[in-house]
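Visitor: Numbering (my numbering), first residue to last: 1 to 476. We put the CB at the ideal spot given by N, CA and C, even for glycine.
(1) Alpha carbon to alpha carbon, what distance is there between residue 203 and residue 450?
(2) Just checking my contact of residue 49 with residue 148 at CB under 8 Å: how many whole Å lie between their CB atoms?
(3) For the structure I just gave you, are there three or more beta carbon pairs, one from the segment 145-159 and one from the segment 17-37, closer than 8 Å?
(4) Taking the C-alpha atoms as reference points, what is the distance between residue 430 and residue 279?
(5) Could you give the DSSP three-state label for residue 187: helix, strand or coil?
(6) Helix, strand or coil: how does DSSP classify residue 62 here?
(7) Are the CB atoms of residue 448 and residue 105 nearer to each other than 9 Å?
(8) Using DSSP with H/G/I as helix, E/B as strand and the rest coil, what is residue 462?
(9) Per the contact definition of three or more C-beta pairs closer than 8 Å, is the segment 27-40 in contact with the segment 186-201?
(10) What does a CB cutoff of less than 7 Å around residue 367 pick up in its chain, not counting 5 residues either side in sequence?
(11) If you draw a straight line from the C-alpha of residue 181 to the C-alpha of residue 188, how long is it?
(12) Are residue 31 and residue 168 closer than 9 Å when you measure CB to CB?
(13) Tell me the rounded alpha-carbon separation between residue 339 and residue 454.
(14) CA-CA distance, residue 174 and residue 221?
(15) So within the segment 124-212, which uninterrupted alpha helix (DSSP H) runs reach at least 4 residues, ignoring any that extend past its ends?
(16) Comparing C-alpha positions only, which one of 210, 192, 282 sits nearest to residue 256?
(17) Between the alpha carbons of residue 154 and residue 24, how many angstroms are there, rounded?
(18) Look at the alpha carbon of residue 156 and the alpha carbon of residue 63, and state the distance between them as a whole number of angstroms.
(19) Give, in chain order, every unbroken run of the alpha helix (DSSP H) that is at least 4 residues long and sits entirely within the segment 366-404.
(20) How is residue 454 classed by DSSP in three states: helix, strand or coil?
(21) Rank 424, 262, 351 by C-alpha distance to the C-alpha of residue 176 and give the top, closest one.
(22) Considering only C-alpha positions, which residue in the set 251, 357, 51 is nearest to residue 216?
(23) Taking 9 Å as the CB-CB limit, is residue 467 close to chain D?
(24) In the DSSP assignment, find the alpha helix (DSSP H) that holds residue 438 and state where it starts and stops.
(25) Sorted by chain position, which residues of the same chain lie with C-beta nearer than 7 Å to residue 94's C-beta, five sequence neighbours on each side aside?
(26) Within a Cβ cutoff of 8 Å, which residues of the same chain sit near residue 371, ignoring the five residues on either side of it in sequence?
(27) Of the residues 459, 434, 452, which one's Cα is nearest the Cα of residue 206?
(28) Does residue 162 pass the burial test, meaning 16 or more other C-beta atoms within 10 Å, or should it be called exposed?
(29) For residue 448, which of helix, strand or coil comes out of DSSP?
(30) Determine the DSSP secondary structure at residue 67, reduced to helix, strand or coil.
(31) Note down the Cα distance separating residue 264 from residue 396, rounded to an integer number of angstroms.
(32) Consult DSSP for residue 110 and reduce its assignment to one of helix, strand or coil.
(33) Flag this pair as touching only if the segment 98-113 and the segment 71-80 have three or more C-beta atom pairs under 8 Å; answer yes or no.
(34) Buried or exposed for residue 58, going by 16 or more other Cβ atoms inside 10 Å?
(35) Expressed to the nearest angstrom, what Euclidean distance is found between the alpha-carbon atoms of residue 219 and residue 409?
(36) Tell me the rounded alpha-carbon separation between residue 190 and residue 438.
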């Protein structure tokens, strides 16, 4: 009997390990095909996540064991997320009351001379595609939450994100300094002369680089904190710190330099500012969780500041020029400020029901006016909150934001209740601050590679936010 139980446990462990490596491979490879921002790429990503979810649930059912992280521990965020997904299904469905349908269906039926089955969504296919992507991101979070409960996997997952980010950053730097101006084998058709790595948009890549830089900084602080917390004289701590820097922490330090350089060379003001906010929040959580002693925090901050100034002085000249320039003229001429006003007006026409998830590109031309100059096609609002409010309606948008903030709150509580490894939940708080700030002026979270990377990191952070009953899951 004991042999049978041991054999079953071994099979479950093998399934978990296989699913974890499959998930890590999907997340690591997601930025490669243009940030997975093409239908075939995100569909393949969603299919892979669905297959891993099926395999993991099947393994759980056959083993008859409880989930590593019970659903009730995150019941509020999970219920909010499920509620949003059900609302998107209602937006897509043709059996909703006629009074809920978008007026465009009636107008189209009048033009065609026949009655059309109306819906809340003005483009059901786009709504279904957007729902598939949202479920994919939720699946990545769920698997990362469950598999990241073991500390060994959590640590490995964070390291994989760091070195994958460093590899993409190194590729972007090689392309930049070689002057080839290519994305893989294709000539760039946008953002020439700046680092975008395998992404098309520099702001989206800046967010991805920022997420992995925050992870690298957290792991580096964790290494350094062990030295600073030792009860030894200052000179001994300095020697131990240098040994750590030149030894185990050297790859992390190099990765941080590569990521920071690539980030600055994107010349993305919002990306650099949001990443800086994430790093400051991470340092604050490290101080709050006493990962870094307060007495040494000032010296460490000064050293990091000097290092940041050095990297900025070498690679940030063009970014400094963009930061010094005014954006008022750009907002007026290119229409971003006017677009915000138009989106707010459109939200007012359907504040509760929305126009259908993923339908911004179909709806915005209906409201566009002469306040926006030029022939630019606006397929994104450059503000994720406004775009979601237009598509989902204000209540569902609030629920979706609440689900993410609920996970961040779980991480914040984890900093307070954990006795060790507090920087892991700290990463969840810091990365949430990063993407939340950047989403006010751009659409990086709408790029699948960025979204799955954030979901993977947040899942690990939430998994490590709960104290272990036996101590095994949090053993360093």
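Guide: Let me spell this out:
(1) Separation of residue 450 and residue 203 (C-alpha to C-alpha, rounded to the nearest whole angstrom) is 11 Å.
(2) Not quite, the Cβ-Cβ distance comes to about 15 Å (not below 8 Å), so this is no contact.
(3) yes
(4) Rounded to whole angstroms, the separation of the alpha carbons of residue 279 and residue 430 is 7 Å.
(5) Strand.
(6) helix
(7) Result no, Cβ atoms of residue 448 and residue 105 do not sit closer than 9 Å.
(8) Correct three-state label for residue 462: helix.
(9) yes
(10) So the list reads 342, 345, 346, once near-sequence residues are dropped.
(11) 6 Å
(12) yes
(13) Those two C-alpha atoms are separated by around 27 Å.
(14) 28 Å
(15) 124-147, 151-178
(16) 210
(17) 11 Å
(18) 25 Å
(19) 384-392
(20) helix
(21) 262
(22) 251
(23) Looking for chain D here will not work: only one protein chain is present.
(24) 423-438
(25) 117, 119
(26) 335, 338, 341, 342
(27) 434
(28) buried
(29) Here residue 448 sits in helix by DSSP.
(30) coil
(31) 36 Å
(32) helix
(33) no
(34) When all chains shown are included, residue 58 counts as exposed.
(35) 21 Å
(36) Rounded to whole angstroms, residue 190 to residue 438 spans 20 Å at the Cα level.
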